[in-house]
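**Student:** Residues 6 to 63 in the numbering used here are what the sequence shown lists, from first letter to last.
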Amino acid sequence: MYFLRTLSFRDVIRALKRHEPRLALRISHNLCSNALNTVRADLGRRSHAFGRAMRRAS
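#1: Just how far apart, CA to CA, sit M6 and R60?
#2: Suppose the cutoff is 7 Å on Cβ atoms and the five residues either side in sequence are ignored; what does the same chain contact list for A20 look like?
#3: Can you check which of these residues, G49, L36, K22, is closest to R10 by C-alpha distance?
#4: In the structure shown, what three-state DSSP assignment does R57 receive?
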């Protein structure tokens, strides 16, 4: 049975120490994609707010 928990770069290092490079690669890929998705979402919110502010100013 799988349980949910937050993964971190410590888990990548732990997997590398256990000689499990596939698992380390999967965890690091997941962490990077999560970070990119967060940045995209933040930029999207900011651009909408900026657009609204520009419309109010004009």
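The beta-carbon is built from N, C-alpha and C at its ideal position, and this holds for glycine as well.
**Tutor:** Inspection of the coordinates gives the following:
#1: The predicted model places M6 with a pLDDT of 45, which falls under 50 and marks its position as unreliable; any figure quoted below should be read in that light. Whole-angstrom Cα-Cα distance: 52 Å.
#2: Counting only Cβ-Cβ distances below 7 Å, and skipping sequence neighbours, we find L28, A29, I32.
#3: When only C-alpha atoms are compared, the closest one is L36.
#4: It is helical.
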